[in-house]
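Asker:
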Amino acid sequence: MRRDVEFTSGEDTIRGWLYTPDEGDGPYPTIVMAGGWCYVKELVQPHYAEMFAAAGFAALLFDYRNFGASDGARRQHIDPVWQVEDYKNAISFAETLDEVDSDRIGAWGLSYSGGHVLIVGATDPRVKCIASQIPVVDGYRNMRRVHGTIGFRTFEQAIIDDRRRRFATGEDGFMPHAAPDPTTEVSAWPFPETYETFKELKVREAPAYENRSTIESAELLMSYSIDPFLPRLLNTPTLVVVAERDDLTLWDLEIEAYNRIPTPRKKLVVVGDSTHMTLYSDRSLLSQAAQAATDWFLEHLMDPVPAAVA
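Count along the sequence shown starting at 1, add 188, and that's the number in the numbering used here.
1) DSSP three-state call for residue 219: helix, strand or coil?
2) Mind checking who residue 375 pairs with in its DSSP beta bridge?
3) Return yes when the C-beta of residue 468 is under 8 Å from any heavy atom of the ligand SAH, and no when it is not.
4) Give me the residue from 348, 404, 213 with the minimum Cα distance to residue 268.
5) Flag this pair as yes or no: are the beta carbons of residue 222 and residue 264 separated by less than 9 Å?
6) Taking 6 Å as the limit between beta carbons, can you name the residues of its chain near residue 259, skipping five residues before and five after?
7) Can you list the alpha helix (DSSP H) stretches of 4 or more residues lying completely in the region 336-411, in chain order?
8) Go through its chain and collect everything with a Cβ distance to residue 484's Cβ below 8 Å, but skip five positions before and after it.
9) Would residue 478 be called buried (16 or more neighbouring beta carbons within 10 Å of its own) or exposed?
10) Check the C-beta distance from residue 385 over to residue 469 and give it rounded, since I have them as a contact under 8 Å.
11) Whose CA, out of 410, 383, 457, 207, lies closest to the CA of residue 330?
12) Is the beta carbon of residue 438 sitting closer than 9 Å to the one on residue 334?
13) DSSP on residue 287, reduced to helix/strand/coil?
14) Going by the DSSP bridge assignment, what does residue 317 pair with across the sheet?
15) Relative to the C-alpha of residue 400, which residue among 373, 421, 415, 392 is closest?
16) Would you kindly work out how many angstroms separate the C-alpha atoms of residue 274 and residue 206, rounded to a whole number?
17) In the DSSP assignment, find the beta strand (DSSP E) that holds residue 207 and state where it starts and stops.
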């Protein structure tokens with residue numbers, strides 16, 4: 189079952205969907221979830237929400253401010269601090285719902301939001317369990333790697349040029365999420381397979397998706413790091429799912445971040461024979477990642493009080 193919901197974050201109205209199980213009585217353990225770079229709620233995430241609901245969870249899935257059905261004056265602007273705040277306000281909203289067991293709330297995210305949920309889980313004690321999939325962990329290192337030396341010079345110059353233009357005019361400049369040929373057009377994530385996959389997903393399931401963000405979004409990404417928050421994950425069950433050949437958000441950096449999480453209540457799952465984008469385009473691989481998250485939430489959210497570490 190799915191119904192439309194809305195709540196306030198900052199000065200804007202956030203709109204989303206609440207999934208609940210077809211059987212059983214609430215209140216249900218609940219998973220709060222949102223997407224990555226330029227995502228709208230229709231893109232890939234409903235497949236996860238449906239699996240969570242089938243396993244007995246409620247799932248609250250929403251569009252960030254400035255995206256999709258949600259309000260926000262700076263359309264397609266990605267501010268990770270605001271997005272983390274949207275997650276926390278989604279949790280506050282979930283606590284008001286009869287369908288939600290506010291003592292059993294988990295956070296799920298993928299790609300950019302895979303990093304966000306690690307921050308949310310580290311800073312909001314209401315989060316009792318985390319599932320982070322193919323997360324962005326260090327924006328600067330990520331951008332340096334994926335753009336390459338020459339490409340990064342062009343990327344960085346585009347950011348500086350935009351900053352000067354915004355200072356002079358007050359107007360946002362825009363950059364593609366991805367481009368079909370990254371050698372001829374600067375984009376945030378310079379991968380042809382990203383462009384092709386999201387182009388197909390827009391037609392198939394997410395018509396509200398737009399292949400662009402403000403250029404300032406890329407500048408904010410360059411200052412993004414989950415590293416200061418990892419030491420605070422002392423006893424929160426934390427799952428990290430990575431793709432075996434992920435050279436977009438960089439599986440070596442993801443595993444490096446996983447190893448810095450201090451809680452013994454953690455698990456690393458490597459989806460074999462996969463890439464960042466095949467976890468979107470290949471439903472069998474998507475199902476593996478979704479099942480790993482479902483199993484983790486079943487283990488750690490179905491009991492009203494998670495077991496303490498001896």
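C-beta: ideal position from N, C-alpha, C; glycine also.
Since the structure is predicted, the reported quantities are computational estimates derived from the model, not experimental observations.
Answerer: Well, looking at it:
1) Looking at residue 219 - three-state DSSP - the assignment turns out to be strand.
2) Looking at the DSSP assignment, residue 375 forms no beta bridge with any residue, so it has no partner.
3) The ligand SAH is not part of the structure shown, which contains no ligands of any sort.
4) Out of 348, 404, 213, the CA that lies nearest to the CA of residue 268 is found in 404.
5) For the pair residue 222 and residue 264, the CB atoms are not nearer than the 9 Å cut-off.
6) Result list for residue 259: 200, 201, in chain order.
7) If we require 4 residues or more, the alpha helix (DSSP H) runs fully inside the region 336-411 come out as 380-392, 403-409.
8) Excluding residues up to 5 positions away in sequence, 317, 319, 425, 427, 455 lie with their Cβ nearer than 8 Å to the Cβ of residue 484 in the same chain.
9) Result: buried.
10) Distance from residue 385 to residue 469 at the Cβ level is roughly 5 Å; contact confirmed, criterion being Cβ atoms closer than 8 Å.
11) Cα-wise, what sits closest to residue 330 is 410.
12) Taking the C-beta atoms as reference points, residue 334 is found nearer than 9 Å to residue 438.
13) Here residue 287 carries a coil assignment [DSSP, helix/strand/coil].
14) Note: residue 317 sits in a beta bridge opposite 294.
15) Taking only the C-alpha atoms, the option nearest residue 400 is 373.
16) Cα to Cα, residue 274 sits roughly 15 Å from residue 206.
17) First-last of the beta strand (DSSP E) with residue 207: 200-207.
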